[in-house]
Amino acid sequence: MQYTIAITRQEEKKTREQNAAPFGTHPTEHMFICEYKKGTWHNPRIIPFGNLSMSPFALCLHYGQTVFEGMKAFLMEDGKVNIFRPLKHYERFARSLERLCMPLVPQGLFIEALHQLVQVDADWIPTDPDASLYIRPFMIASEERIGVKVAEEYLFMIVCSPAYPYYSKPLKVKVETEFVRAADGGTGYAKCGGNYGGALYPSQLAKSEGYDQVIWTDAKAHEFIEESGTMNLMFFVDNVLFTPPLSGTILDGVTRDSLLKLAKEMGISTAEMAISYKEIQQALEAGKRVEAFGAGTAAVIAPIETIAIEGKHYNCYIGQDATMYRLAKELYDIRKGIKPDTHNWNYIL
Ligand SMILES: *Cc1c(COP(=O)(O)O)cnc(C)c1O
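Next comes the structure, spelled out in structure tokens:
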């Protein structure tokens with residue numbers, strides 16, 4: 011099915027911030043919006059970026075029926091623009107929506123809206139080779155009703171923000187054995203606002219103790235490693251790239267999936283298996299070289315320099331020849347069109 015998206019352009023062209031603004035502070039000129047009412051999607055359109063007006067009774071403001079995605083568009087070496095793995099993001103969006111009892115956005119509408127919006131705001135992709143355009147599709151329950159229920163009205167929107175390269179200082183993290191991010195049967199695999207709200211308190215506690223973020227462990231034994239902050243977590247030890255397997259409590263990261271596939275092609279062994287923090291501790295105690303890093307769209311990889319386990323601090327390897335940097339470079343080269351995109355990950359406008 012073909013979708014027609016009406017486009018209303020900003021009358022006066024805004025000038026783009028040329029300086030590296032902090033992540034997520036500056037919107038592009040336009041946004042996509044579409045309303046769900048009486049069982050269908052209405053009036054898909056691109057309009058100048060602006061505030062929303064809604065009733066204080068809107069269900070999303072009270073009961074957390076909100077879902078989002080986070081993806082990126084890149085300027086390739088040949089000047090074309092590509093959106094990275096939009097179908098993989100769409101599939102995850104669909105799974106999150108189902109878990110929150112929210113209506114599916116048809117795939118054709120999702121892709122067309124992304125395509126048109128990124129095209130309209132393509133000038134906003136910074137030209138710095140390491141920069142990109144961050145894209146945030148999201149859905150909220152807009153029905154006016156103060157009582158708990160599955161909403162019957164929603165807004166599906168897409169907004170964008172230029173993402174400048176930033177030097178991410180290697181992280182200092184602590185293994186969290188008291189608070190949990192997600193439990194079996196919960197919403198951990200869905201990208202929903204509530205997961206983030208609930209994670210703030212333990213993260214703030216860790217910050218007050220001098221850590222950048224926590225490594226979440228499982229909700230039962232408080233021993234098996236899950237994710238790091240809002241990223242998937244990977245280790246490279248004994249020439250194997252380890253990461254916990256997908257489950258109801260782990261988000262199916264597109265970066266995680268991409269790095270695992272690339273590692274295999276680069277001849278690096280990979281293992282998706284349960285990892286006890288005790289095993290990591292043993293490897294570190296034995297003086298092994300352990301690489302640890304977060305994997306996610308915003309930072310691609312976030313190297314971890316220090317892990318605190320039961321109050322003891324251990325150093326991970328962050329030398330320039332680390333395997334995590336080779337993996338990140340491989341992904342970079344594919345996105346920029348420097349290496350062939352054999353997986354058809356780049357959706358080129
Ligand atoms: C979004 C997210 C990730 C990373 O997923 P990507 O698709 O790689 O950006 C990991 N963990 C959580 C909890 C997330 O919300």
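In terms of the numbering used here, the sequence shown opens at residue 11 and continues consecutively. Even glycine gets a Cβ: it sits at the ideal position worked out from N, Cα and C. In this text the structure is predicted, and so the values were computed from the model without any measurement.
Where M41 is concerned, there is no enclosing alpha helix (DSSP H), although the beta strand (DSSP E) around it starts and stops at H40 to K47.
With a cut-off of 7 Å, the C-beta of M167 is classified as distant from ligand 1, since no heavy atom of the ligand falls inside that distance. If you draw a straight line from the Cα of V190 to the Cα of L165, it is about 30 Å long.
In the structure shown, S171 falls within a strand segment according to DSSP collapsed to helix, strand and coil. A distance below 8 Å between beta-carbons, with the five flanking residues on each side excluded, links Y211 to the following residues of its chain, in chain order: F189.
In this structure, the beta-carbon distance from I17 to V130 falls below 8 Å.
Secondary structure at S213: helix, using DSSP grouped into helix, strand and coil. At a Cβ-Cβ threshold of 8 Å, L272 and K90 do not count as neighbours. Under the 10 Å beta carbon count, M112 is surrounded by 16 or more other beta carbons and is classified as buried. Annotation: T137 to F67 spans about 42 Å, alpha carbon to alpha carbon.
In the DSSP assignment, the residues bridged to S286 are F234. For L62, the closest alpha carbon among the candidates S152, L119 and A30 is that of S152. A residue is called buried once 16 or more other Cβ atoms fall within 10 Å of its Cβ, and T197 is buried on that count. For the alpha helix (DSSP H) assignment, the uninterrupted runs of no fewer than 4 residues enclosed by the segment 72-150 are, from N- to C-terminal side, 96-109 and 117-130.
If you check the CB distance, A281 and F234 do not come in under 8 Å. For R155, the three-state secondary structure derived from DSSP is coil. C-alpha of Q214 to C-alpha of Q223: approximately 8 Å in a straight line. Restricting attention to A332, P180, G347 and L143, the CA atom closest to the CA of A30 is found in L143. If you check the CB distance, F33 and F78 do not come in under 8 Å.
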